[in-house]
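Peer 1:
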Amino acid sequence: MDAGDGNCIRNGNKNDEQDALGNPRGIYQNVIADMPTERNATHYNMNHKNRGLALVFNHEIFDIHELRRRSGTSVDCENLVARLEKLGFDVKVFHNLEYPDIHAHIINAANSNHSDSDCILVAVLTHGEHGILYAKDSAYKPEILWTPFTADKCPTLAGKPKLFFIQACQGDKLDPGVTLASRTQTDGHPTNTYRIPSQADFLIAYSTIPGFYSWRNTTRGSWFIQALCAELSENGYVHDLLAILTFVSRRVAIDYESNVPDDPRMHMQKQIPCITSMLTRLLKFNKKGDENISNEVTAMEITKEKAKHGFGGLFNSRARNQAYQVNY
254 MDAGDGNCIR NGNKNDEQDA LGNPRGIYQN VIADMPTERN ATHYNMNHKN
304 RGLALVFNHE IFDIHELRRR SGTSVDCENL VARLEKLGFD VKVFHNLEYP
354 DIHAHIINAA NSNHSDSDCI LVAVLTHGEH GILYAKDSAY KPEILWTPFT
404 ADKCPTLAGK PKLFFIQACQ GDKLDPGVTL ASRTQTDGHP TNTYRIPSQA
454 DFLIAYSTIP GFYSWRNTTR GSWFIQALCA ELSENGYVHD LLAILTFVSR
504 RVAIDYESNV PDDPRMHMQK QIPCITSMLT RLLKFNKKGD ENISNEVTAM
554 EITKEKAKHG FGGLFNSRAR NQAYQVNY
């Protein structure tokens, strides 16, 4: 008998239980949303009319006395906007907003119709602590940025990537790093509908891990945004997003080190980004109007269909794809 979780459709397991104390919370809602991607597709559908909305919240000055000016963030903002526009995003930039205004823009975006969009992206450049981000006037929990976009609350983004990039400290711990020295050694069945979790298809990329500092150069910008922009410029159309973010982490981890010789405690410190992915497919940006990626994905799906069902399955798959292209 089930306890907490639904039956596992694919393997018929009827004995699922939750690993938690207490009673489950939440109200069951049978929300039905359009299917933007075939059930067993390996890649997200990035062939909608629009790439999607990108909201960039850039904070340099604060009303909170303890928070210093974030010099260099304007460079981050300009570079990030340029890269996002190059990828086809409709970018909206907001500077030094108070919390009610941030929340209003998030809610407005969540209430918009994203049927013709591939995805949505939100970037926040600000001060932070563990579990807290700062608006100009007050602190807020980062969850308010993404919870309005869950599939049950924003059905036109259901099954689509929802991307969040946070440049902020998550604490006051320092990472002095470890020196590595070179050493030589001798020695499912397809259906027409499918259900997804409301929290699926999110990606949240933090500039640093929980509890630790995030570094910013006052003239060149933050390490994380510098590395992100560099990788999007070099590999934005080459690799999938998680591979790109792995390269971002490598750049930050290896190429950057704090230079504060007047403060030995802060000098020669390191940083590593923290990527949390609930993505369910590969996300590869294509140039709008470029069908190459779509054709590659279609070819992979056709090969799989032929292997499973022969040419009869292939023709059925084509029929489904034609209907899919008309509707989406």
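Residue numbers (the working numbering): 254 to 581.
Quick reminder that beta carbons are idealized off the backbone N, C-alpha and C, glycines included.
From a predicted model like this one, the values you see are computed outputs, not experimental measurements.
In chain order, what residues of the same chain have a beta carbon less than 8 Å from the beta carbon of S327, not counting five sequence neighbours either side?
Peer 2: Along the sequence shown, read from residue 1 onward, the residue named residue 327 stands at position 74. Hits under 8 Å: N311 and E313.
Peer 1: Is K389 near E331, with beta carbons less than 8 Å apart?
Peer 2: What you label residue 389 is simply residue 136 of the sequence shown in a count that begins at 1. What you label residue 331 is simply residue 78 of the sequence shown in a count that begins at 1. No. Outside cutoff.
Peer 1: Given a cut-off of 8 Å, decide if R504 and A483 are closer than it, judged by their beta-carbon atoms.
Peer 2: Start at 1 with the first residue of the sequence shown, and residue 483 comes out as number 230. Start at 1 with the first residue of the sequence shown, and residue 504 comes out as number 251. Contact: yes.
Peer 1: Can you tell me whether D440 is buried or exposed, with buried defined as 16 or more other CB within 10 angstroms of its CB?
Peer 2: As a position in the sequence shown, residue 440 is number 187, starting the count at 1. Interpretation of D440 is limited by its pLDDT of 44, a score under 50 that renders its predicted location unreliable; the figure taken from the coordinates is listed afterwards. Classification of D440: exposed, given that the 10 Å Cβ count is below 16.
Peer 1: Quick check: the Cα distance between P414 and I449, rounded to an integer number of angstroms?
Peer 2: Locating residue 414 in the sequence shown gives position 161, where the first residue counts as 1. Locating residue 449 in the sequence shown gives position 196, where the first residue counts as 1. Whole-angstrom Cα-Cα distance: 13 Å.
Peer 1: Do you know offhand how far R571's Cα is from H301's?
Peer 2: Here residue 571 refers to the residue found at position 318 when the sequence shown is read from its first residue. Here residue 301 refers to the residue found at position 48 when the sequence shown is read from its first residue. With a pLDDT of 35 at R571, under the threshold of 50, the predicted position of this residue should be treated as unreliable, and no value is reported.
Peer 1: Please report how far the alpha carbon of T461 lies from the alpha carbon of Q524, in whole angstroms.
Peer 2: Taking the sequence shown and counting its residues from 1, one reaches residue 461 at position 208. Taking the sequence shown and counting its residues from 1, one reaches residue 524 at position 271. If I take the Cα positions, the gap works out to 6 Å.
Peer 1: Given P289, which residues of its chain have a CB within under 7 Å of its CB, disregarding the five upstream and five downstream residues?
Peer 2: Residue mapping note: residue 289 aligns to position 36 of the sequence shown, counting from 1. So the qualifying residues of the chain are N298, G412, K413 and Y581.
Peer 1: Within this structure, are the beta carbons of D329 and I528 separated by less than 8 Å?
Peer 2: Numbered from 1 along the sequence shown, position 76 holds the residue referred to as residue 329. Numbered from 1 along the sequence shown, position 275 holds the residue referred to as residue 528. No, these two residues do not count as a Cβ contact at 8 Å.
Peer 1: For K541, which option in P353, L340 and R534 has the closest C-alpha, if you only look at C-alpha atoms?
Peer 2: Taking the sequence shown and counting its residues from 1, one reaches residue 541 at position 288. It is L340 whose Cα lies nearest to the Cα of K541.
Peer 1: Taking DSSP as the reference, what is the three-state secondary structure of L337?
Peer 2: In the sequence shown, residue 337 corresponds to position 84, counting from 1. L337 falls in the helix class under three-state DSSP.
Peer 1: Given a threshold of 16 other Cβ atoms within 10 Å of its Cβ, counted over all protein chains shown, does H367 qualify as buried or as exposed?
Peer 2: Mapped onto the sequence shown, residue 367 falls at position 114. Label assigned to H367: buried.
Peer 1: Around the C-beta of Q452, are 16 or more other C-beta atoms found within 10 angstroms, so that it is buried, or is it exposed?
Peer 2: Against the sequence shown, residue 452 aligns to sequence position 199. Counting Cβ neighbours within 10 Å, Q452 comes out exposed, since fewer than 16 surround it.
Peer 1: Are three or more beta carbon pairs between the stretch 420-435 and the stretch 507-524 nearer than 8 Å?
Peer 2: Cβ pair count under 8 Å is three or more, so yes.
Peer 1: State the Cα-Cα distance for the pair R336 and I317, rounded to the nearest angstrom.
Peer 2: Within the sequence shown, numbered from 1, the residue matching residue 336 stands at position 83. Within the sequence shown, numbered from 1, the residue matching residue 317 stands at position 64. Using only the alpha carbons, I get a separation of about 31 Å.
Peer 1: On the DSSP bridge list, what partners appear for H296?
Peer 2: Within the sequence shown, residue 296 is the residue found at index 43, counting from 1. DSSP lists L535 as partners of H296.
Peer 1: According to DSSP, is L410 part of a helix, a strand, or is it coil?
Peer 2: Here residue 410 refers to the residue found at position 157 of the sequence shown. Of the three classes helix, strand and coil, the one that applies to L410 here is helix, per DSSP.
Peer 1: Taking only the alpha-carbon atoms, compute the straight-line gap between A480 and I373 and give it to the nearest angstrom.
Peer 2: In the sequence shown, residue 480 corresponds to position 227, counting from 1. In the sequence shown, residue 373 corresponds to position 120, counting from 1. One C-alpha to the other measures close to 21 Å.
Peer 1: If you count every other CB in all the chains shown that lies within 10 Å of the CB of I497, and 16 or more means buried, which is it?
Peer 2: As a working note, residue 497 is residue 244 in the sequence shown. Buried.
Peer 1: Provide the residue span of the beta strand (DSSP E) that contains R304, from first to last.
Peer 2: Within the sequence shown, residue 304 is the residue found at index 51, counting from 1. From DSSP, the beta strand (DSSP E) with R304 extends over N303 to N311.
Peer 1: Using CA atoms only, rank isn't needed, just tell me which of V309, R304 and R321 is closest to T471.
Peer 2: Walking along the sequence shown from the start, residue 471 turns up at place 218. Of the candidates V309, R304 and R321, the one whose C-alpha sits nearest the C-alpha of T471 is R321.
Peer 1: What is the DSSP secondary structure of A480, counted as helix, strand or coil?
Peer 2: In the sequence shown, the residue the question calls residue 480 occupies position 227. Here A480 sits in helix by DSSP.
Peer 1: Leaving out the 5 sequence neighbours to the left and right, which residues in its chain are closer than 6 Å to I385 when beta-carbon positions are compared?
Peer 2: The residue you call residue 385 lines up with position 132 of the sequence shown. Contacts found: A392.
Peer 1: Give the secondary structure of H356 by DSSP, where H, G and I count as helix, E and B as strand, and everything else as coil.
Peer 2: By one-based count along the sequence shown, residue 356 stands at place 103. Helix, per DSSP.
Peer 1: Quick one, are the C-beta atoms of E382 and C422 less than 8 Å apart?
Peer 2: The residue labelled residue 382 in the question sits at position 129 within the sequence shown. The residue labelled residue 422 in the question sits at position 169 within the sequence shown. Cβ atoms of E382 and C422: closer than 8 Å.
Peer 1: Near E510, what residues of its chain come up, given a Cβ to Cβ distance below 8 Å and the 5 sequence neighbours on each side ignored?
Peer 2: Counting from one through the sequence shown, the residue named residue 510 turns up at place 257. Correct list, in chain order: G430, M521, Q522 and K523.
Peer 1: Does the distance from the CB of C407 to the CB of A363 come in under 8 Å?
Peer 2: Here residue 407 refers to the residue found at position 154 when the sequence shown is read from its first residue. Here residue 363 refers to the residue found at position 110 when the sequence shown is read from its first residue. A contact, by the Cβ cut-off of 8 Å.
Peer 1: Going by other Cβ atoms of all chains shown within 10 Å of its Cβ, with 16 needed for buried, is D454 buried or exposed?
Peer 2: Taking the first residue of the sequence shown as 1, we reach residue 454 at position 201. Burial call: buried.
Peer 1: Got a sec: is the Cβ-Cβ distance from F477 to anything in chain B below 8 Å?
Peer 2: In the structure shown, chain B does not exist; there is a single protein chain.
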